[in-house]
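In order, the protein sequence lines correspond to chains A and B.
Each residue of the first sequence is one higher than the one before, counting from 1 in the numbering used here.
Each residue of the second sequence is one higher than the one before, counting from 153 in the numbering used here.
Backbone N, C-alpha and C define an ideal beta-carbon position, used for all residues, glycine too.
Because the structure is a prediction, the values reported are computed rather than measured.
Inspection log for the structure reproduced underneath, given as structure tokens.
2 protein chains.
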Amino acid sequence: MIDIPGTPGTLTGLVLRISQCVFAAGSISYMVTSGGFFSFTAFCYLIAAMGLQVIWSFGLAILDTFALVRKKTLLSPVLVSLFVVGDWVTSTLSLAGASSSAGITVLYFGDLGSCSFEAECWKYQLSVALAFLCWITIAVSSLTTLWLLASA
Amino acid sequence: MIDIPGTPGTLTGLVLRISQCVFAAGSISYMVTSGGFFSFTAFCYLIAAMGLQVIWSFGLAILDTFALVRKKTLLSPVLVSLFVVGDWVTSTLSLAGASSSAGITVLYFGDLGSCSFEAECWKYQLSVALAFLCWITIAVSSLTTLWLLASA
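The structure is reproduced here in structure tokens:
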């Protein structure tokens, strides 16, 4: 199997996983610390999607670290298939969560004139922005793993 | 190149492209015929994303028909690369459009108790549902073309 940046079990792969964790955790923390998130279904869904992303990416970060330390590869077809399915499910859920929450924040910030939740407003926006950043990193991973599987 | 269902230039590929066109056009028509869509940024974005999808899928449907009639294949690496990029861009935009609009419809139907736009309400919902169906068909195409490219 050819070695593409972001390949599981490599340093770039580990960096991708860690950035996914950081962005997803950041998105959750800003959303959760804003008081009124639970009255919006889209925001609750965003937290769930980002929570799943943190769990998935943290698990794979540990696996990458193990592979790097023990100098093993993680490129058996079964493992790569697992990565493809997990990356694909989480990247789809992350994009859907970020987009639906973006629809709400644009509605309140743009369409309805201004956000009437004062202090919470920028937290919503920052949470959505971090969710999109998280999606970009997981999209890179899902493309990389699918390419590895198909070219095996 | 191996022949996967949905491969460009085959009958299943043509059926996929036509269903993408039908779902996207349906989504646009329900949204456009509902009076108040232009006051929601997310709905306007959905129409734009579905419009791009109709153009892309209609073009490829014509290409598939041409290939079937002339018994030619559309599997040169350059062509498949073009399909991959186009399918990926439109599928990402379609999912983002459908999700952001879903966030709005769930907000009005669920969070705020009931949709206060009477006759328009079910049109918004139907438009969003058709957009998600469109995304499913374009996601199949984008996975197929990426697999073809990587396994070439």
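Considering only B/223, B/302 and B/200, the residue with the shortest C-alpha distance to residue 163 of chain B is B/223. The beta carbon of residue 228 of chain B sits closer than 6 Å to none of the beta carbons in its chain outside the five residues before and after it. The stretch 45-120 of chain A is shown to contain whole alpha helix (DSSP H) runs of 4 or more residues at 77-106, in chain order.
The stretch 97-105 of chain A and the stretch 233-253 of chain B touch, with no fewer than 3 CB-CB distances between them shorter than 8 Å. With contact defined as three or more Cβ pairs closer than 8 Å, the stretch 121-131 of chain A and the stretch 176-189 of chain B are not in contact.
Residue contact with chain A for residue 204 of chain B: absent (no Cβ-Cβ distance below 8 Å to any residue of chain A). Within the same chain, and ignoring the five residues on either side of residue 201 of chain B in sequence, the residues whose Cβ sits closer than 6 Å to its Cβ are 245, 246 and 249. Residues of chain A whose Cβ lies closer than 9 Å to the Cβ of residue 298 of chain B are, in chain order, 143, 146, 147 and 150. Burial check for residue 141 of chain A: the Cβ neighbour count within 10 Å reaches 16 or more, so the residue is buried. Residue 90 of chain A places its beta carbon 8 Å or farther from that of residue 9 of chain A. Boundaries cannot be given for residue 40 of chain A, as no alpha helix (DSSP H) includes it and DSSP labels it neither H nor E.
Under the three-state reduction of DSSP output, residue 304 of chain B falls in the coil class, being neither helix nor strand.
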